[in-house]
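Single-structure report; data block below.
In our numbering, the protein residues as written are 296 to 430.
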């Protein structure tokens, strides 16, 4: 009886070790790299999607402006107009104020930005955010 119990315990322990290892590898494989770009300067970008999802990424760049850095890494897209870059798409979500009463608002360290993304110099350690707002 003791031999059966030892074999059963060894088998159970082996299964638990294998499951733990599989879970650890799965978690490592699913971990997202939340950084974009390469460069000496780093800042954080928060994207507040309309569905409530919030995405936070670290952007590394050597660009002078936030707009240039974010266009380079593909996080934002838009068109140049008389007042600078008009952002239509952030992190794959599009809102065009000429079509709907929504736009991507730009925030710097929690405050509504008084400058456009393409005229805002990169500040190391700053937090820039984009939120869908209506008018």
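Every residue gets a Cβ at the ideal spot worked out from N, C-alpha and C, and that includes glycine.
No residue range can be given for residue 395, since it is assigned to no alpha helix (DSSP H) and is classified by DSSP as neither H nor E. For residue 380, the enclosing beta strand (DSSP E) stretches over residues 379-385. Secondary structure note for residue 372: its beta strand (DSSP E) is the uninterrupted segment 371-376. Look at residue 414 here: in three-state DSSP terms it is helix.
In the same chain as residue 422, and ignoring 5 residues on each side of it, the C-beta atoms closer than 6 Å to its own belong to 339 and 404, in chain order.
For residue 356, the number of other beta carbons within 10 angstroms of its own is at least 16, and it is reported as buried.
The region 375-386 makes contact with the region 406-413: 3 or more CB pairs, one atom from each, lie closer than 8 Å.
Under the DSSP assignment, residue 366 falls outside any beta strand (DSSP E), being part of the alpha helix (DSSP H) whose first and last residues are 361-367. Among the bridge pairs identified by DSSP, residue 353 is matched with 330 and 339.
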